[in-house]
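Novice:
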Amino acid sequence: MSGTHDGFDDDAFVEGEFTEGEWDTALLEEELRQAAAILDPVPAGLRQIAVEAYALHDLDARVAELTFDSLVDAIPVRGETDPPRMLTFRAGEVTVDVEVSAEGLMGQVLPPGPARIDVLSGPRAHARIQADDMGRFTGDAPPAGPFALRLRTGEDLVVTEWLRA
Amino acid sequence: MDRGDVGELVLSAADGDAAAWKALVDGLGPLVWSVVRAHGLSDADAHEVYQTAWFRFAQHLGRIREPEKAGSWLASTARHECLKLLRAARRWTPTDDPQLLDRVSEDRTPEESVLDSEEAAAQTERVRRLWQEFEELGERCRQLLRVLIASPPPSYQEVSAALGIAVGSIGPTRQRCLRRLRARLEARGTT
Numbered sequence: 009m010s011g012t013h014d015g016f017d018d019d020a021f022v023e024g025e026f027t028e029g030e031w032d033t034a035l036l037e038e039e040l041r042q043a044a045a046i047l048d049p050v051p052a053g054l055r056q057i058a059v060e061a062y063a064l065h066d067l068d069a070r071v072a073e074l075t076f077d078s079l080v081d082a083i084p085v086r087g088e089t090d091p092p093r094m095l096t097f098r099a100g101e102v103t104v105d106v107e108v109s110a111e112g113l114m115g116q117v118l119p120p121g122p123a124r125i126d127v128l129s130g131p132r133a134h135a136r137i138q139a140d141d142m143g144r145f146t147g148d149a150p151p152a153g154p155f156a157l158r159l160r161t162g163e164d165l166v167v168t169e170w171l172r173a
Numbered sequence: 008m009d010r011g012d013v014g015e016l017v018l019s020a021a022d023g024d025a026a027a028w029k030a031l032v033d034g035l036g037p038l039v040w041s042v043v044r045a046h047g048l049s050d051a052d053a054h055e056v057y058q059t060a061w062f063r064f065a066q067h068l069g070r071i072r073e074p075e076k077a078g079s080w081l082a083s084t085a086r087h088e089c090l091k092l093l094r095a096a097r098r099w100t101p102t103d104d105p106q107l108l109d110r111v112s113e114d115r116t117p118e119e120s121v122l123d124s125e126e127a128a129a130q131t132e133r134v135r136r137l138w139q140e141f142e143e144l145g146e147r148c149r150q151l152l153r154v155l156i157a158s159p160p161p162s163y164q165e166v167s168a169a170l171g172i173a174v175g176s177i178g179p180t181r182q183r184c185l186r187r188l189r190a191r192l193e194a195r196g197t198t
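Same order as they appear, the protein sequences are chains B and C.
Counting in this note's numbering, the first sequence runs from 9 upward without gaps.
Counting in this note's numbering, the second sequence runs from 8 upward without gaps.
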């Protein structure tokens, strides 16, 4: 760094493994930590949502991992300013393709078959939709914020990984 | 919460102990928040990423392979969601600078209200100046320090997961950034 002296001349307070300069920066860091706790804490409402998220812990459901996200994996199409978001989730042999746009949700469960689908937004279900015999489904767009789909097909319970639409 | 308790708390929470979950939220929540703040998201996006990270953590609870590294898991999940959002913002609204939208929360915390009392005015002023100087540091320093000053302090592994930087680079950069902050404060006569 620069060759200017550091100005750490408030007496030789050397302790443990700290050199004087390190001791000084450690104090400054601690002061900054207190400032962050005062001026930029976790908002109380958010903390509460995280506490309540414990209800999302469900050992019976299999988690369908996100395997494709057009936001990351697709090449942007020129001229298309707000293309629908295409998502693919997979849990074992079950695949869920979802397209999210301002108009709503559209998708298909594979292997094809009827399924009961809960659209989750936070710990409570937001809406329930039904996939037809071909596994196809449509529904209203999920509300702003993270969402997940919980699918029941016969005995099988699958939840898609939480995602911000 | 002690960092050494994280693994035990994750196992207890997975086992149905709601108090353990709450301890994790209080112990690791500030780290997750620091990650979204470090990436300079707008308030709305910051809130959504924070929630996404915790919802996903709840969903994977009991399946996490290294429970003692839950802090790194959360930090890295938050980081990836932040990067995704920033990429999407760049793609669709290239003139929109998310950094500009990022301002200190306007909600007043109880601590802040106490600080507003008159006898504490000088202290308040000092805290505000310190924060202002911190926010004017270069992006790299601001990012690193914002995560390092989460409370309780994160481990270097967690900081590495939060920012995608090598553990070995954290210590030296930290020293350099804090010295730079000190120099700025001295230049303004606020040490």
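C-beta atoms are modelled at their ideal positions from N, C-alpha and C, and glycine is treated no differently.
#1: Starting from C/Gly145, find everything on chain B with Cβ-Cβ shorter than 7 Å and list it in chain order.
#2: State buried or exposed for C/Ala169, treating a residue as buried only when at least 16 other CB atoms are found within 10 Å of its CB.
#3: Kindly list the residues whose CB is nearer than 8 Å to the CB of B/Gln116, restricted to its own chain and excluding five residues on each side of it in sequence; keep chain order.
#4: Counting only the same chain and skipping the five closest in sequence on each side, list residues whose C-beta sits under 8 Å from that of B/Gly112.
#5: Using the C-alpha atoms, what's the distance from B/Arg124 back to B/Thr161?
#6: Who are the Cβ neighbours of C/Val32 in its own chain at under 6 Å, not counting the five residues just before and after it?
#7: Starting from the C-beta of B/Ser78, find all residues in its chain whose C-beta is less than 6 Å away, skip the five residues before and the five after it, and write them out in chain order.
#8: Put C/Leu31 into one of helix, strand or coil per three-state DSSP.
#9: Is it true that the CB of C/Val134 sits closer than 8 Å to the CB of B/Ala187?
#10: Quick one: give me the first and last residue of the beta strand (DSSP E) that C/Leu185 is part of.
#11: Strictly by DSSP, which residues pair up with B/Pro154?
#12: Grab me the residues of C/Ser41's own chain with a C-beta within less than 6 Å of its C-beta, minus the 5 sequence neighbours each way, in chain order.
#13: Does the Cβ of C/Gln283 have 16 or more other Cβ atoms within 10 Å, making it buried, or fewer, making it exposed?
#14: Once you ignore the five residues that flank C/Arg86 on each side, which residues in its own chain have a CB closer than 8 Å to its CB?
#15: Going along the chain, which unbroken runs of the alpha helix (DSSP H) with 4 or more residues stay wholly within the segment 36-91 of chain C?
#16: Please classify B/Arg41: does DSSP put it in a helix, a strand, or coil?
#17: Mind checking who B/Met94 pairs with in its DSSP beta bridge?
#18: Quick one: is C/Ile156 near chain B, going by C-beta distance under 8 Å?
#19: What would DSSP say about B/Arg160, mapped onto helix, strand or coil?
#20: For chain B, is any of its Cβ atoms less than 8 Å away from the one on C/Gln164?
#21: The alpha helix (DSSP H) that contains B/Leu113, what's its start and end?
#22: Leaving out five residues on either side along the sequence, give the residues of the same chain with a beta carbon under 7 Å from the beta carbon of C/Glu88.
Specialist: Once the coordinates are examined:
#1: In the second sequence, counting from the first residue as 1, residue 145 of chain C sits at position 138. The contacting residues do not exist; C/Gly145 stays about 13 Å from chain B at best.
#2: Taking the first residue of the second sequence as position 1, residue 169 of chain C is located at position 162. Buried is the call here.
#3: Position 108 of the first sequence, counting from 1, holds the residue named residue 116 of chain B. Correct list, in chain order: Val104, Asp105, Ala139, Met142, Gly143, Arg144 and Phe145.
#4: Counting from one through the first sequence, the residue named residue 112 of chain B turns up at place 104. Excluding residues within five positions, the ones whose Cβ falls inside 8 Å are Thr146, Gly147, Asp148 and Ala149.
#5: On the first sequence, residue 161 of chain B is found 153 positions in, with the first residue counted as 1. On the first sequence, residue 124 of chain B is found 116 positions in, with the first residue counted as 1. C-alpha separation (whole angstroms): 7 Å.
#6: For this step, residue 32 of chain C is matched to residue 25 along the second sequence. Excluding residues within five positions, none has a Cβ falling inside 6 Å.
#7: Residue numbering aside, residue 78 of chain B sits at position 70 when the first sequence is read from its first letter. Result list for B/Ser78: Arg93 and Met94, in chain order.
#8: Here residue 31 of chain C refers to the residue found at position 24 of the second sequence. Helix.
#9: Any property of residue 187 of chain B remains undetermined from this structure, which presents chain B solely from 9 to 173.
#10: Reading the second sequence from its first residue, position 178 is the one you call residue 185 of chain C. Segment Val174 to Ala194 is the alpha helix (DSSP H) holding C/Leu185; no beta strand (DSSP E) there.
#11: Locating residue 154 of chain B in the first sequence gives position 146, counting from the first residue. Per DSSP, B/Arg172.
#12: As a working mapping, residue 41 of chain C is identified with position 34 in the second sequence. Around C/Ser41: Arg153, Val154 and Ala157.
#13: Only positions 8 to 198 of chain C appear in this structure, which leaves residue 283 of chain C out of reach.
#14: Indexing the second sequence from 1 puts residue 86 of chain C at position 79. Excluding residues within five positions, the ones whose Cβ falls inside 8 Å are Val42, His46, Ala168, Ala169, Leu170 and Gly171.
#15: 50-67
#16: Residue mapping note: residue 41 of chain B aligns to position 33 of the first sequence, counting from 1. Helix.
#17: Against the first sequence, residue 94 of chain B aligns to sequence position 86. According to DSSP, B/Met94 bridges with B/Glu107.
#18: On the second sequence, position 149 is the one that residue 156 of chain C refers to. True, the Cβ-Cβ gap to chain B drops below 8 Å.
#19: To locate residue 160 of chain B, count along the first sequence from 1; it is residue 152. Strand.
#20: To locate residue 164 of chain C, count along the second sequence from 1; it is residue 157. Taking Cβ atoms only, chain B never reaches closer than 8 Å to C/Gln164, which makes this a no.
#21: Working through the first sequence from its first residue, we reach residue 113 of chain B at position 105. Per DSSP, B/Leu113 belongs to no alpha helix (DSSP H); it is in the beta strand (DSSP E), Gly112 to Leu118.
#22: Here residue 88 of chain C refers to the residue found at position 81 of the second sequence. Closer than 7 Å at the Cβ level, and outside the excluded window around C/Glu88, lie Val56, Thr59 and Ala60.
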